[in-house]
Amino acid sequence: MEEEADSCFSSRSERKAQEKAKILQRERERKIFKLVGKVLKKPEGERSEEEAAVLELHRDTVEELCRRELRRNLLKRKQEEVFDDADELKHKVRQLALAIKQAKNLVVYTGAGISTAASIPDYRGPNGVWTQLQKGRTISSSDLSKAEPTYTHMCIRAMHKEKLVKHVVSQNCDGLHVRSGLPRQALSELHGNMFIEVCTSCSPVREYVRLFDVTERTSLHRHGTGRKCGRCGSELRDTIVHFGERGTLEQPLNWEGAAHAAKTADVILCLGSSLKVLKKYPCLWCMNKAAIKRPKLYIVNLQWTPKDDLAMLKIHAKCDDVLKLLMEELNIHVPSYNRTEDPIFTIATPLKPEEACSHSRDVIAPSVERGFGSGHTEVSTETTSVQGGWFGRGYRKGRTVKKKPL
Ligand SMILES: [Zn+2]
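Heads up: the sequence shown begins at 1 in the UniProt record's numbering, then just goes up one per residue.
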């Protein structure tokens, strides 16, 4: 018994000693990293003999720190917004116009960058939602319902009307493509539409288009909006697909339309998307086809995208600026957005009187001057911080940056 207790004691003290040694080792390494890092920051000519010797002694640490610096710089470059100069832009747009004229099946992929002109923040731009949340800041936004289709939305609509664009695949939830007048069968809103709530108990799924953001109370894996289906009484849910969720709703996601469009596309034009999310959907890029048979890729984005190397052409400019030049090249007249013709007012289902207080978001009014009698227009949203709903909590999930021990 005594022996057993002894061995138990010794193994425990051994373990303790080992733990202690590990801690001391980590502490030593941390000090070396700190010291080497400090020396490396000095210009080579200003280093003392002693400091040079430190670098010589800890070559592995020097290499590791240099590798980290390279990675940091690369990441920084990828996040930078780059602008082509005027001549280059014109030249590139001419090439793009030619490709569009020759395309048999042009599909357009859109991201938040096409909505920034509508005062909706993009995700990964310097002031984007994702970037801000990464920095631990909360997002302030002017009311999303006040946003209107941008010039780019109207151009896409016009190009579809001219039969130049077959299908639009968007990762935006702002509903602005629908509001620009783009027919819904020509659109896949892969991450949902903030104005649409559905009853999945009804078959087929019953859709309720509203004139306000229905996602006020919803978040990751919590989609109930609190309102009820007029037909069966089940709770309605939003259509938003958060990070980490798989969207299975037929509409407004329309995956079938998106996959078919990608399969038959010979040209894909990506507008204002970092493609970091879209790249994860292999069926959008025809990855099962031989590289040579895949659609030709044209990208308009200010920042780096993971598909840049595969693109025929990468244009660094704001979408509205590119589209303005492009419409001149294609000789297409683009009507400006007219609220009285916004299809949302004809497809929307009005709330029942008892539901009038079921939300506190602003309601889109059919005309700017006239209120829409919701009783909610007095709510000032200028300082509202975007938390619940279609961006906010869902994006925050899993984004905590853990500091690696040195
Ligand atoms: Zn129902």
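Ideal placement from N, C-alpha and C gives every residue a C-beta, glycine not left out.
- With a cut-off of 7 Å, the C-beta of R206 is classified as near ligand 1, since at least one heavy atom of the ligand falls inside that distance.
- Your pair G192 and T239 checks out as a contact, with CB atoms roughly 4 Å apart and the cut at 8 Å.
- Approximately 5 Å separates the beta-carbon atoms of Q171 and G111; this is inside 8 Å, confirming the contact.
- As summarised for the region 222-255, there are no continuous alpha helix (DSSP H) elements at least 4 residues long confined to that stretch.
- In the three-state DSSP reduction, Y298 falls in the strand class (E or B).
- Taking a C-beta distance under 8 Å as the contact criterion, Y109 and V165 do not qualify as a contact pair.
- Relative to the non-hydrogen atoms of ligand 1, the Cβ of S274 never comes closer than 7 Å to any of them.
- With three or more CB-CB distances shorter than 8 Å, the region 100-108 counts as touching the region 150-165.
- Annotation: M287 to C270 spans about 17 Å, alpha carbon to alpha carbon.
- In its chain, beyond the 5 residues on either side, V93, L96, A97, I100 and C155 have a beta carbon closer than 8 Å to the beta carbon of L326.
- With a cut-off of 8 Å on Cβ pairs, the region 309-327 is in contact with the region 84-91, counting three or more such pairs.
- Using a Cβ-Cβ distance cut-off of 8 Å, the region 211-222 and the region 181-197 are in contact, since at least three pairs of beta carbons, one from each stretch, lie closer than that value.
- Minimum Cα-Cα distance from Y281 among the listed residues L330, A259 and V322 corresponds to A259.
- Judged by DSSP in its simplified three-state form, S367 adopts coil rather than helix or strand.
- Secondary structure at L70: helix, using DSSP grouped into helix, strand and coil.
- Cβ-Cβ distances below 6 Å link K279 to P306 in the same chain, with the five nearest sequence neighbours on each side left out; the list follows chain order.
- At a Cβ-Cβ threshold of 8 Å, L275 and G244 do not count as neighbours.
- H167 is bridged by DSSP to V107.
- At least one heavy atom of ligand 1 sits closer than 7 Å to the Cβ of R231.
- Under DSSP, V209 forms a beta bridge with I196 and A348.
- In this structure S180 is buried. Its beta-carbon is surrounded by 16 or more other beta-carbon atoms within 10 angstroms.
- Between the alpha carbons of K228 and D362 lies a gap of roughly 20 Å.
- Taking each of A186, D60 and S115 in turn and checking the Cα distance to G257, the smallest one comes out for A186.
- Under the criterion of beta carbons closer than 8 Å, L253 and C199 do not qualify as touching, at roughly 16 Å.
- Here the alpha carbons of L70 and V54 stand approximately 21 Å from one another.
- Here DSSP, grouped into helix, strand and coil, assigns E216 to coil.
- Of F83, G37, L57 and I344, the smallest CA-CA separation from R68 is found for G37.
- Contact annotation, T61 with I32: C-beta distance approximately 6 Å; criterion of less than 8 Å satisfied.
- E27 carries a helical assignment under DSSP once its states are collapsed to helix, strand and coil.
- Look at C270 here: in three-state DSSP terms it is strand.
- In the displayed model, E189 falls within a strand according to three-state DSSP.
- If you draw a straight line from the Cα of D266 to the Cα of I292, it is about 11 Å long.
- Straight through space, the alpha carbons of T346 and T116 are spaced by roughly 26 Å.
- Each of Y151, W285 and G226 was checked against the Cα of L323, and the nearest Cα belongs to Y151.
- In this structure R210 is buried. Its beta-carbon is surrounded by 16 or more other beta-carbon atoms within 10 angstroms.
- In this structure, P366 lies near T340, with their beta-carbon atoms less than 8 Å apart.
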